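**Q** Structure below; questions to follow.
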Amino acid sequence: MKNKNSAGYALIIVLFAIVFITVLTSVLMRGSLSNFKQDQRVEESDLTTTAAEAGVDYYTWELEDAYNSNKPSLISYADGLVEKGREGGRVPDYTNIQKLVAEKLKGILVSRAESFTGKEYSINEYWHEIQPEQLKIEILASKQPISVAATGKVQGYFEGEYPVIKELEFEQRFFIPSFQETPVSNSIVTGQVVNVPKWIDANKPKTLCTNKSKIESSCYAGHQNDVTNVNQIVKSKVYVDKQFNSKKAMKLEDNSDLFVKEDFKVDKLELQSQSRVLVGKDLDVQSNEKNDTLELEDASYLYVDRDLKVNGGIKLQNSSIVYIGRKAQLKGDIELENASSLFVGNVLDTSGTINLQNNSKICAAELKIKHAKLDLQSGVIYYLNGIDVDIKKVNPKNFVKVNSMFELKKSCGFASNPTDPPLSGNDTWDDPVIEKVVYKK
Numbered sequence: 054m055k056n057k058n059s060a061g062y063a064l065i066i067v068l069f070a071i072v073f074i075t076v077l078t079s080v081l082m083r084g085s086l087s088n089f090k091q092d093q094r095v096e097e098s099d100l101t102t103t104a105a106e107a108g109v110d111y112y113t114w115e116l117e118d119a120y121n122s123n124k125p126s127l128i129s130y131a132d133g134l135v136e137k138g139r140e141g142g143r144v145p146d147y148t149n150i151q152k153l154v155a156e157k158l159k160g161i162l163v164s165r166a167e168s169f170t171g172k173e174y175s176i177n178e179y180w181h182e183i184q185p186e187q188l189k190i191e192i193l194a195s196k197q198p199i200s201v202a203a204t205g206k207v208q209g210y211f212e213g214e215y216p217v218i219k220e221l222e223f224e225q226r227f228f229i230p231s232f233q234e235t236p237v238s239n240s241i242v243t244g245q246v247v248n249v250p251k252w253i254d255a256n257k258p259k260t261l262c263t264n265k266s267k268i269e270s271s272c273y274a275g276h277q278n279d280v281t282n283v284n285q286i287v288k289s290k291v292y293v294d295k296q297f298n299s300k301k302a303m304k305l306e307d308n309s310d311l312f313v314k315e316d317f318k319v320d321k322l323e324l325q326s327q328s329r330v331l332v333g334k335d336l337d338v339q340s341n342e343k344n345d346t347l348e349l350e351d352a353s354y355l356y357v358d359r360d361l362k363v364n365g366g367i368k369l370q371n372s373s374i375v376y377i378g379r380k381a382q383l384k385g386d387i388e389l390e391n392a393s394s395l396f397v398g399n400v401l402d403t404s405g406t407i408n409l410q411n412n413s414k415i416c417a418a419e420l421k422i423k424h425a426k427l428d429l430q431s432g433v434i435y436y437l438n439g440i441d442v443d444i445k446k447v448n449p450k451n452f453v454k455v456n457s458m459f460e461l462k463k464s465c466g467f468a469s470n471p472t473d474p475p476l477s478g479n480d481t482w483d484d485p486v487i488e489k490v491v492y493k494k
């Protein structure tokens, strides 16, 4: 009987131990499961936030891509507005131009936004979206710089047993350049730019020229017969009111000026010591010598309103500048040294050697240099419309394509009107900026 009681107590103890262990295990498992679910919810919350952040990155990238893809057309549009604003000698309304460019950019951004608003994008089991009513694109014109702002609310969410939603607000800004151009100096030479008076401002000397071979005091020629013997101008200004057909080689020295109102024909032409020649129509340099039939030294300047024809070569030294309004046909070599520049508003056509040294530049709307020998060294050729040379076979770094005539002129340091003062560069298109990202919940 005693053994039976002992066995009964032992069984009770075993059963109690089993129940105790089962209860304890259940409690521990419940706690572990609770902790697991809590950790899982935290992870889901974090990943949902990450999905929302990915949405901000994606939508702002889309808008920035639209901006960058359309920047050339925006630049061209702005240049056209600036050029039109200058008609009749007027000063453009730069603030209004900024607003018009901002309106165009706003339309571009709104159009791109239509491609991604109201759509869900998934990252595994996590999603992000932005609704059309949650993205606002507006122009901020109350203060400079004028900008276009994109503000939006992105939702990241997880659809599980316990749905999670996270919201992020962002603001992205696209700044519009001022476009306003400010003269940087009134000096004759400013770096690589010459400040030349407009034709209307060129005061004619009152003294008539006496047709000497050497002119040493300023004079005025009503007819080319008054200057047919001239071959040297020193420290003087000479104004020819008609065409000038000279059969001589002509040299200008010591800050001398020659203004020819119509066509100018000359055998050879040499400018020294900040001298200047302005031609109202065409310039024809007729000598057949291969080298240096047109030569500029010491920050001298040549302006030709229409076409240039040179039977020989051209050489520019020491920050000298040549501006050709339309075509330039050069049969000889082109040599530019020490930060000199050649601008051609239409076609530059040459079969000679092109030698650019010490940061010299050529800026031409179109280049016909297929048969030219290129020795560019540290120089750069800027072009607008086309070039008949495979630049991959030379050095692509020496060639830069621009998007507008305005940009082409500025590449060689000219204002819209090359006889205007040089300009500061106030048309920089800055990269878009993410102003802020706010975590809402």
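Following this note's numbering, the numbering of the sequence shown begins with 54 at its first residue and continues without gaps. We put the beta carbon where it would ideally sit given N, CA and C, even for glycine. Computed from a predicted structure; not experimentally measured.
Give me, in chain order, the residues of the same chain whose beta-carbon lies closer than 7 Å to that of aspartate 146; leave out the 5 immediate sequence neighbours on both sides.
**A** Here the set comprises Gly138.
**Q** Rounded to the nearest angstrom, what separates lysine 300 and isoleucine 415 at their Cα positions?
**A** Whole-angstrom Cα-Cα distance: 29 Å.
**Q** Between which residues of its own chain and glycine 108 is the CB-CB distance below 8 Å, once the five residues before and five after are set aside?
**A** Tyr174, His181, Glu182, Ile183, Val207, Gln208, Gly209 and Leu221, listed in sequence order.
**Q** Please report how far the alpha carbon of valine 313 lies from the alpha carbon of asparagine 451, in whole angstroms.
**A** Each residue's alpha carbon lies about 35 Å from the other.
**Q** So within the region 293-332, which uninterrupted alpha helix (DSSP H) runs reach at least 4 residues, ignoring any that extend past its ends?
**A** Listed in chain order, there is nothing to give.
**Q** Quick check on the burial criterion: 16 or more other C-beta atoms within 10 angstroms. Buried or exposed for serine 195?
**A** Classification of serine 195: exposed, given that the 10 Å Cβ count is below 16.
**Q** Using CA atoms only, rank isn't needed, just tell me which of Leu100, Gln325, Lys321 and Asp358 is closest to threonine 365.
**A** In the sequence on display, residue 365 carries glycine and not threonine. Of the listed residues, the one whose Cα sits closest to glycine 365 is Lys321.
**Q** Going by DSSP in three states, phenylalanine 459 sits in which element: helix, strand or coil?
**A** Of the three classes helix, strand and coil, the one that applies to phenylalanine 459 here is helix, per DSSP.
**Q** Which same chain residues, not among the five before or five after serine 271, have their C-beta less than 6 Å away from its C-beta?
**A** Excluding residues within five positions, the ones whose Cβ falls inside 6 Å are Pro258, Ser289 and Lys290.
**Q** Thinking serine 372 and asparagine 391 are a contact (beta carbons under 8 Å), I'd like their distance in whole angstroms, please.
**A** So it is a contact: roughly 6 Å between Cβ atoms.
**Q** Going by C-alpha distance, which of Tyr492, Trp482, Leu389 and Ile66 is nearest glutamate 460?
**A** For glutamate 460, the nearest C-alpha among the options comes from Trp482.
**Q** For a quick check, are the C-beta atoms of asparagine 123 and isoleucine 161 less than 7 Å apart?
**A** Yes, Cβ-Cβ distance for asparagine 123 and isoleucine 161 is below 7 Å.
**Q** Where do the ends of the alpha helix (DSSP H) carrying threonine 148 lie?
**A** Element bounds for threonine 148: 147-166.
**Q** Should the region 144-158 be regarded as contacting the region 100-114, the criterion being three or more beta carbon pairs within less than 8 Å?
**A** Counting Cβ pairs under 8 Å, fewer than three are found: no touch.
**Q** Quick one: Cα of valine 217 to Cα of tyrosine 111, how far?
**A** C-alpha separation (whole angstroms): 21 Å.
**Q** Starting from the Cα of valine 400, find the closest Cα among Leu369, Arg359, Ser126 and Ile374 and give me that residue.
**A** Nearest of Leu369, Arg359, Ser126 and Ile374 to valine 400, Cα basis: Arg359.
**Q** Tell me the rounded alpha-carbon separation between glutamine 327 and lysine 304.
**A** Straight-line Cα distance between these residues: approximately 12 Å.
**Q** Quick check on valine 283: does DSSP put it in helix, strand or coil?
**A** Valine 283: coil per DSSP, three-state reduction.
**Q** For leucine 116, would you say it is in contact with chain C, using Cβ-to-Cβ distances shorter than 7 Å as the test?
**A** In the structure shown, chain C does not exist; there is a single protein chain.
**Q** For glutamine 285 and tyrosine 354, I'd like the C-alpha separation in whole angstroms.
**A** Distance between the alpha carbons of glutamine 285 and tyrosine 354: 17 Å.
**Q** Given a cut-off of 7 Å on the beta-carbon distance, is the pair lysine 295 and glutamate 323 in contact?
**A** No, the pair does not count as a contact, with Cβ atoms beyond the cut-off.
**Q** Check whether the Cβ atoms of serine 394 and isoleucine 374 lie closer than 7 Å to each other.
**A** Yes, these two residues count as a Cβ contact at 7 Å.
**Q** Report, in whole angstroms, the separation of the C-beta atoms of isoleucine 422 and valine 397, which I expect to be a contact under 8 Å.
**A** Not confirmed; about 11 Å, so no contact.
**Q** Just how far apart, CA to CA, sit serine 168 and glutamine 225?
**A** So the alpha carbons of these two residues sit roughly 18 Å apart.
**Q** Beta carbon of serine 431, beta carbon of asparagine 448: below 7 Å?
**A** Not closer than 7 Å, so no.
**Q** Take asparagine 341 and list the residues in its own chain whose beta-carbon comes closer than 7 Å to its own, dropping the five residues that flank it on each side.
**A** So the list reads Asn364 and Gly365, once near-sequence residues are dropped.
**Q** Kindly list the residues whose CB is nearer than 6 Å to the CB of phenylalanine 297, restricted to its own chain and excluding five residues on each side of it in sequence; keep chain order.
**A** Correct list, in chain order: Gln277, Val313 and Phe317.
**Q** Could you give the distance in angstroms between the alpha-carbon of isoleucine 387 and the alpha-carbon of asparagine 149?
**A** Going by the C-alpha atoms only, they are around 42 Å apart.
**Q** What number of angstroms, rounded off, separates the C-alpha of proline 485 from the C-alpha of threonine 170?
**A** So the two alpha carbons sit approximately 20 Å from each other.
**Q** In angstroms with no decimal places, state the Cα-to-Cα distance between glutamine 325 and glutamate 348.
**A** Rounded to whole angstroms, glutamine 325 to glutamate 348 spans 8 Å at the Cα level.
**Q** Where do the ends of the beta strand (DSSP E) carrying lysine 408 lie?
**A** Note that residue 408 is asparagine in the sequence shown, not lysine. Start and end: 406-409.
**Q** Taking the alpha-carbon positions, what's the alanine 166 to serine 464 distance?
**A** Rounded to whole angstroms, alanine 166 to serine 464 spans 35 Å at the Cα level.
**Q** Report the three-state DSSP secondary structure of tryptophan 482 (helix, strand or coil).
**A** Residue state, collapsed to three classes: coil.
**Q** May I ask you to list the residues that DSSP assigns as paired with alanine 202?
**A** In DSSP, alanine 202 forms a bridge with Glu191 and Arg226.
**Q** Once DSSP output is grouped into helix, strand and coil, what is the label at alanine 417?
**A** The answer is strand: DSSP assigns alanine 417 an E or B state.
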